[in-house]
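Visitor:
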Amino acid sequence: GEQVEQLPSILRVQEGSSASINCSYEDSASNYFPWYKQEPGENPKLIIDIRSNMERKQIQELIVLLDKKAKRFSLHITDTQPGDSAMYFCAARANYGNEKITFGAGTKLTIKP
Amino acid sequence: GPKVLQIPSHQIIDMGQMVTLNCDPVSNHLYFYWYKQILGQQMEFLVNFYNGKVMEKSKLFKDQFSVERPDGSYFTLKIQPTALEDSAVYFCASSLLGSSYEQYFGPGTRLTVL
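For the record, the sequence lines run as chains A and B.
So the number in the numbering used here is just where the residue sits in the first sequence, counting from 1, plus 2.
So the number in the numbering used here is just where the residue sits in the second sequence, counting from 1, plus 18.
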């Protein structure tokens, strides 16, 4: 089955700077890559996603990049704010007709004031 | 936005007992999922369910696990009997159609097996 690696596991950045999280996947059939933000005690919430027909997508301060050849994708948060502190999970999903999502191990992001 | 509800939010039981976790999916959604998250780790897929049937299950979905959604009511995960390693947060999710639509996650049920 699909395996998703996510690095780093812990990330601390200064408020206002950028934060980057990198993921890689194994299954070339994966074609949908969502990113989830999870606050303590809360459910994971989709913040941005990218499909395999795109290389870049931006929603406000969130940028995702996808390199299908290298099977890598990344999340970049520009101009970080204290509210960005949370766990972030990358994920991959293939369109086999089964729809399970395979998650990365997560990145704990802390924004230092 | 659409909300998935889960009942209860916390459950503490003794090893060997049965537990049923309840999920109230988004009303017009057709695909349902359970994921397991051990503290500090990622969510891992357990099972997905469509049209009254299990479509796929992972190796984490042991024989002691079962799912059903009788008559369009709650989508349930039953564990019988429970084991210590079943302690985790269980997230239910639902989606409108399987391949192209976002999975909405519930708030989770924290299960503690003593």
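Glycine included, each C-beta is placed from N, C-alpha and C at the ideal position.
Looking only at C-alpha atoms, which of B:V107, B:P99, B:Y68, B:S112 sits nearest to M33 (chain B)?
Guide: Taking only the C-alpha atoms, the option nearest M33 (chain B) is B:P99.
Visitor: Within 8 angstroms (strictly less), CB to CB, does F91 (chain A) reach chain B?
Guide: Yes, contact with chain B.
Visitor: For P36 (chain A), is the classification buried or exposed, using 16 other Cβ atoms within 10 angstroms of its Cβ as the cut-off for buried?
Guide: Burial call: buried.
Visitor: I'd like to know if L9 (chain A) contacts chain B, where contact means its C-beta is closer than 8 angstroms to some C-beta of that chain.
Guide: It does not: the Cβ of L9 (chain A) has no partner Cβ on chain B nearer than 8 angstroms.
Visitor: Is L78 (chain B) near V85 (chain B), with beta carbons less than 8 angstroms apart?
Guide: No, these two residues do not count as a Cβ contact at 8 angstroms.
Visitor: Check each residue of the stretch 33-54 of chain B: if its Cβ is closer than 9 angstroms to any Cβ of chain A, include it; give the result in chain order.
Guide: The residues in question are Y49, Y51, Y53.
Visitor: Quick check: what's the CA-CA separation for K71 (chain A) versus D86 (chain A)?
Guide: Their backbone Cα atoms lie some 30 angstroms apart in a straight line.
Visitor: I'd like to know whether the C-beta of G108 (chain A) is nearer than 8 angstroms to at least one C-beta of chain B.
Guide: Yes, because at least one Cβ of chain B sits closer than 8 angstroms to the Cβ of G108 (chain A).
Visitor: Do you know whose CA, among A:Y27, A:I50, A:S22, A:L64, lies nearest E7 (chain A)'s CA?
Guide: Per the Cα distances, A:Y27.
Visitor: Mind pulling the chain A residues with CB within less than 9 angstroms of S1 (chain B)?
Guide: The displayed coordinates of chain B run from 19 to 132. Any statement about residue 1 (chain B) would go beyond what the structure contains.
Visitor: When you compare the stretch 93-112 of chain A with the stretch 9-18 of chain A, are there three or more beta-carbon pairs, one atom per stretch, that lie closer than 8 angstroms?
Guide: Yes, the stretch 93-112 of chain A is in contact with the stretch 9-18 of chain A.
Visitor: Could you run through the stretch 31-52 of chain A and flag, in chain order, every residue whose CB is less than 9 angstroms away from some CB of chain B?
Guide: Answer set for the stretch 31-52 of chain A: Y34, P36, Y38, Q40, G43, E44, N45, P46, K47, L48, D51.
Visitor: In three-state DSSP terms, what is E44 (chain A)?
Guide: Coil at E44 (chain A), not helix or strand.
Visitor: Just the C-alpha distance for L23 (chain B) and P46 (chain A), rounded to the nearest angstrom, thanks.
Guide: Their Cα atoms are separated by approximately 13 angstroms.
Visitor: Listed in chain order, which residues of the stretch 87-99 of chain B have Cβ atoms closer than 7 angstroms to some Cβ of chain A?
Guide: Residues: none.
Visitor: Check the Cβ of Q82 (chain B) against every Cβ in chain A and list those closer than 8 angstroms, keeping chain order.
Guide: Simply none; closest approach about 20 angstroms.
Visitor: Please give me, in chain order, every unbroken run of the beta strand (DSSP E) with length at least 3 that falls completely inside the stretch 19-63 of chain B.
Guide: Within the stretch 19-63 of chain B, the complete beta strand (DSSP E) runs of at least 3 residues are 23-25, 28-31, 37-42, 49-55.
Visitor: Give the list of continuous beta strand (DSSP E) stretches no shorter than 3 residues that lie fully inside the stretch 62-120 of chain B.
Guide: Runs found: 71-75, 83-86, 93-97, 106-113.
Visitor: Taking Cβ-Cβ distances below 7 angstroms as the criterion, which residues of the stretch 120-131 of chain B are in contact with chain A?
Guide: Result list: E120, Q121, F123, G124, P125, G126.
Visitor: Just to make sure I have the definition right: I need the residues of chain A whose C-beta is within less than 7 angstroms of the C-beta of Q60 (chain B). Which are they?
Guide: Going along chain A in sequence order, the residues near Q60 (chain B) (Cβ under 7 angstroms) are F91, F105, G106, A107, G108.
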